[in-house]
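Heads up: the structure comes next, in structure tokens.
Protein chains: 2
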Amino acid sequence: MNSTLSELSQTPAAPLRYLDDLQVGDRFSSAGFLLDETQIKAFALQFDPQPFHLDHEAAKETLFGGLAASGWHTAAVTMRLLVGGGLPLAGGIIGAGGEISWPQPTRPGDILQVETEVVSVTPSRSRPERGLVVVRSTTQNQHGHVLQLSVYKLVVPRKAQ
Amino acid sequence: MNSTLSELSQTPAAPLRYLDDLQVGDRFSSAGFLLDETQIKAFALQFDPQPFHLDHEAAKETLFGGLAASGWHTAAVTMRLLVGGGLPLAGGIIGAGGEISWPQPTRPGDILQVETEVVSVTPSRSRPERGLVVVRSTTQNQHGHVLQLSVYKLVVPRKAQ
């Protein structure tokens, strides 16, 4: 499986932001990513081998009512979209942690897309070369259904003084 | 890559717990899982293609100081260990969301193992057949370094009345 085949569009190369470039309320949009049944089952086999992520028939009898992607697969694809231009940070996307929720299951054929907003920007007191940026990302499908809400604490470098 | 090859031991089959069987403070232990460089790079290529997850030399120049697994890879392996006997829940492990942090990077050669504790058990008021269980999981390596702390809200079925 080559996930790049699923990327429906490239985010135009955006200038990479340092901490100093970011303001609360700044917003960024990712490209789209088509998640198909083959990918959903492959991820599940490897990391989350439960019937509702592996088998249509078995999934019908569960809370999901049909085949659904592992939440960790949705999270991983969200990261892929952020790294692929959806969140253009200098130094890359380095998370210290965060919160995550999956309001609705991701289904085969869903096209995932991520909108991200800057929530806070905090220069480090002890480390003049970097700081902490909190962002809130919403992963939705082509129908506007919210599949994942996440808040990340990211380590972002400052411009050289 | 067949991740089952990395599972160093099988958790003995434990009886599956319903919500009614769980008490605050109950603890569960997973098997171990060896994460090697090949797996780390393969996951990163697919979901988190950043230099510190892909290349030893490039990683030296970054905050990580050397090759490190994507946090989402650590999260996915943690899920694999929970599903593989580390958290024996009736109905499977169905998460509505949670919190996650990565105090230290996961390195090639790390053997991941997960300890999980029940934090709260709340029968649903509107749904007599299920409830919400909050658990706290600690993923550590063979040196006792904590690689991931996570708190999950899980939907757990009740025994048939």
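Chains X and H, in that order, are what the protein sequence lines are. Numbering-wise, our numbering puts 154 at position 154 of the first sequence, and it's gapless, one number per residue. When you read off a place in the second sequence, starting at 1, and then add 1000, the result is the number in our numbering. Cβ atoms here follow ideal geometry from the backbone N, Cα and C, with glycine treated the same way.
Using the Cβ count rule (16 or more neighbours within 10 Å means buried), how would you classify residue i?
i         : result
Asp1110/H : buried
Leu1089/H : buried
Leu1056/H : The identity of residue 1056/H in the sequence shown is His, whereas the question assumes Leu. His1056/H is exposed by the Cβ-count criterion.
Ser126/X  : exposed
Pro1049/H : buried
Arg17/X   : buried
His1053/H : buried
Thr38/X   : exposed
Gln1142/H : exposed
Gly1071/H : buried
Pro157/X  : buried
Ala68/X   : buried
Ala1059/H : buried
Ala1160/H : exposed
Asn1002/H : Here the model assigns Asn1002/H a pLDDT of 42, short of 50, so the residue's position is not dependable and the matter cannot be decided.
Thr4/X    : Low confidence applies to Thr4/X: its pLDDT is 45, below 50, so where it sits in the model is not reliable enough to give any reading.
Identify the residues that DSSP records as bridge partners of residue i: which are they?
i         : result
Ser1029/H : Glu1115/H
Thr1062/H : The partner list for Thr1062/H (beta bridge, DSSP) is empty, contrary to what the question assumes.
Gln123/X  : Reading off the sequence shown, one finds Pro at residue 123/X, where the question assumed Gln. Looking at the DSSP assignment, Pro123/X forms a beta bridge with Gly131/X.
Ile1100/H : Gly98/X and Ser1150/H
Pro157/X  : Arg130/X
Thr138/X  : Glu115/X and Leu149/X
Asp1017/H : Reading the sequence as shown, one finds Arg at residue 1017/H and not Asp. Arg1017/H is bridged to Leu1089/H.
Leu1034/H : Ile1111/H
Nearest to residue i by alpha carbon, out of the options?
i         : options                                       : result
Pro1105/H : Val1134/H, Ser1029/H, His1073/H and Ser1126/H : His1073/H
Pro1128/H : Ala1014/H, Asp1020/H and Leu1154/H            : Asp1020/H
Ser30/X   : Met79/X, Phe64/X, Leu67/X and Val155/X        : Met79/X
Ser101/X  : Gly1084/H, Pro1123/H, Val1155/H and Ser1070/H : Val1155/H
Leu1147/H : Pro1123/H, Pro1103/H and Gly1098/H            : Pro1103/H
Phe47/X   : Gly1098/H, Arg1158/H and Leu1035/H            : Leu1035/H
Ala75/X   : Ala160/X, His145/X, Thr139/X and Phe64/X      : Thr139/X
Asp26/X   : Pro108/X, Ala160/X and Val135/X               : Val135/X
Gly144/X  : Phe28/X, Glu99/X, Pro15/X and Gly32/X         : Gly32/X
Gly1098/H : Phe1043/H, Lys1159/H, Ser1150/H and Pro1123/H : Ser1150/H
Arg107/X  : Pro15/X, Phe64/X, Arg130/X and Val83/X        : Phe64/X
Val1077/H : Ile1040/H, Pro1015/H and Gly1066/H            : Ile1040/H
Ala14/X   : Val83/X, Ala42/X and Gly66/X                  : Val83/X
Return the Cβ separation of residue i and residue j in integer angstroms, given the expectation that the two are a contact with Cβ distance under 8 Å.
i         : j         : result
Val1024/H : Val1114/H : Val1024/H to Val1114/H, Cβ: 19 Å. No contact.
Tyr152/X  : Gly95/X   : 5 Å
Thr1116/H : Gly1086/H : 6 Å
Leu22/X   : Val118/X  : 5 Å
Leu81/X   : Leu132/X  : Not really, about 22 Å apart at Cβ, beyond 8 Å.
Ser137/X  : Arg130/X  : Not really, about 21 Å apart at Cβ, beyond 8 Å.
So residue i is in the beta strand (DSSP E); what residue range does that whole segment cover?
i         : result
Gln46/X   : Taken as a continuous stretch (DSSP letters only), Gln46/X belongs to no beta strand (DSSP E), being part of the alpha helix (DSSP H) at Glu37 to Phe47.
Ala1069/H : Run containing Ala1069/H: none; DSSP gives neither H nor E here.
Following the continuous alpha helix (DSSP H) through residue i, name the residue where it begins and the one where it ends.
i         : result
Pro1051/H : Pro1051 to Leu1054
Following a CB-centred definition, is residue i positioned closer than 7 Å to any heavy atom of the ligand SAM?
i         : result
Glu1099/H : With respect to the ligand SAM, the structure offers nothing, as it holds no ligand at all.
>> Give me the subset of the region 1088-1107 of chain H whose CB atoms are less than 9 Å from a CB atom of chain A, sorted by chain position.
In response: The structure shown contains no chain A; its protein chains are X and H.
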